[in-house]
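Undergrad:
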Amino acid sequence: MKRIVVAAKAGADQPWLADAAADIAEEMGAEVAVVSMDGMELEALSTVPRGAVAESAEQAAAKMAERIGARGIHATPHHRAGPVVRGVLVFAEEQEADLVIAGATSRGRVARRFLGNVTTRLIERSRRPVLVITPPHEPSA
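By our numbering, the letter at position 94 of the sequence shown is numbered 173, and the numbering carries on one by one without gaps.
Written out as structure tokens, the structure is:
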């Protein structure tokens, strides 16, 4: 069975990622499992209640799965609690994914240095192939 896991970023609208994942799934004849993590490791240290963050993750996964599904691809949404990188990798293992797809974000060098880069860590730690899709660039004015 061919299976793709797409990592949807909680709180983000990524139609370009959904469209790319649908194209690849169609080409491979694969099913898609969309996962979004709430990213919370220690709720006690967070200024936002877990429920709000979980709802954001749930909505991101549902929206992406819906967009992929509109293309006739079987896509199921999932949201999980916990850290993003570890959570996506565990989910991909559970799904026996043939491919993990993630979107690149466009943070500056300083922000990446302090905040880290999820896609880079996914690539470094995954035992499964990871494809990173970059957002389309807006034409300059």
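Glycine included, C-beta positions come from ideal geometry on N, C-alpha and C.
1) Using beta-carbon positions only, say whether R146 and A97 come within less than 8 Å of one another.
2) Take E134 as the anchor and find which of A112, H157, G182 has the nearest alpha-carbon.
3) Short check: CB of A176 to CB of A139, under 8 Å?
4) Where R150 and D102 are concerned, what is the direct C-alpha to C-alpha distance, given to the nearest angstrom?
5) Below 8 Å between beta carbons: does that hold for A171 and T155?
6) Check whether the Cβ of H158 lies closer than 8 Å to any Cβ atom in chain C.
7) What residue from T198, R200, E173, W95 has the CA that sits closest to I83's CA?
8) Using a Cβ-Cβ cut-off of 6 Å (strictly less than) and excluding sequence neighbours within five positions of E141, which residues of its own chain qualify?
9) Select from T213, V111, S205 the residue whose C-alpha is nearest the C-alpha of V163.
10) Helix or strand or just coil, what does DSSP make of S115?
TA: Quick answer:
1) Sequence index remark: in the sequence shown, residue 146 carries index 67 (1-based). Sequence index remark: in the sequence shown, residue 97 carries index 18 (1-based). Yes; because the gap between Cβ atoms is below 8 Å, this pair is in contact.
2) The residue given as residue 134 occupies position 55 in the sequence shown. Out of A112, H157, G182, H157 has the C-alpha closest to the C-alpha of E134.
3) The count along the sequence shown starts at 1 and reaches residue 176 at position 97. The count along the sequence shown starts at 1 and reaches residue 139 at position 60. Cβ atoms of A176 and A139: not closer than 8 Å.
4) Position 71 of the sequence shown holds residue 150. Position 23 of the sequence shown holds residue 102. Distance between the alpha carbons of R150 and D102: 9 Å.
5) Position 92 of the sequence shown, counted from the start, is the residue given in the question as residue 171. Position 76 of the sequence shown, counted from the start, is the residue given in the question as residue 155. Not in contact: A171 and T155 (Cβ atoms no closer than 8 Å).
6) Absent here is chain C; the protein component of the structure consists of one chain.
7) Your numbering for residue 83 matches position 4 in the sequence shown. Checking every option, the nearest Cα to that of I83 belongs to E173.
8) Residue mapping note: residue 141 aligns to position 62 of the sequence shown, counting from 1. Looking at the sequence shown, residue 141 is not Glu but Ala. Within the same chain, A141 has close Cβ partners P156.
9) The residue you call residue 163 lines up with position 84 of the sequence shown. Checked all of T213, V111, S205; the closest Cα to V163 is S205.
10) Here residue 115 refers to the residue found at position 36 of the sequence shown. DSSP places S115 in strand when its eight states are reduced to three.
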